[in-house]
Amino acid sequence: MLRGTALNPFGSGHHARMFQVEKVNISGVTQTRRLWIDIGTRASGELEASKANDGAPPCHLFLEPTLYNFDSRLRLKKRLPLKQMVLIERLHSDDRRVNLVFTSQECSPDEEENIGGLETTYTLQFSQKSRRDEFLDVLHSSLKHV
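Structural data, given as structure tokens:
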């Protein structure tokens, strides 16, 4: 198994990377989380079928780059479109931490309600600096598709 990938909950049509982290809430309490960065892939198998009909895939078959937050039992806690991320902050005081800030600006009320609220800051603690750096590399790579 490749490092950074495991039990892809999205199926074979998605290219997602998993990172186990400690998410620190505003009270300082840590929670083990599994974050998947879906780099914005297509719905499996449907794209080729749609291209055969008229040569152009329908828009709904493309999924935008998204950060998925699962708890330790793999229950989805939050889905955050990367286009709504406004800040990535590396903490100088701790080289294993990173803050991610998401906003609902330029997001329709229906979309925000469907996602479950976007005004959030994630403080993430990785087991090693190298894991944090790997996460940031994948995240930056995914942002090129936004």
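Mapping of the sequence shown onto our numbering: position 119 corresponds to residue 258, and the numbering continues sequentially without gaps.
In this text, a Cβ means the ideal position worked out from N, Cα and C, and glycines have one as well.
Small disclaimer: the values here were computed from a predicted structure and weren't measured.
Query, Result
"Residues bridged to Leu-226 (per DSSP)", "Val-240"
"Helix, strand or coil at Val-277 [DSSP, three-state]", "helix"
"Cβ-Cβ distance between Met-224 and Phe-241 below 8 Å", "yes"
"Residue range of the beta strand (DSSP E) that includes Pro-220", "215–220"
"Sub-8 Å separation of Pro-204 and Leu-282 beta-carbons", "yes"
"Boundaries (first-last residue) of the beta strand (DSSP E) holding Glu-161", "155–163"
"Exposure label - Arg-172; buried when at least 16 CB within 10 Å", "buried"
"Simplified DSSP assignment, three categories, for Arg-271", "helix"
"Close beta carbons around Val-277, own chain, < 6 Å, minus the five adjacent residues each side", "Arg-156, Ile-176"
"C-alpha distance - Ser-166 paired with His-284, whole-angstrom precision", "34 Å"
"Within 8 Å, strictly: CB atoms of Arg-236 and Phe-158", "no"
"Cβ neighbour criterion (16 or more within 10 Å) applied to Asp-233", "exposed"
"Same chain, Cβ closer than 6 Å to Pro-220, neighbours up to 5 away in sequence not counted", "Glu-203, Thr-205"
"Exposed unless 16 or more other CB atoms sit within 10 angstroms - verdict on Ile-227", "exposed"
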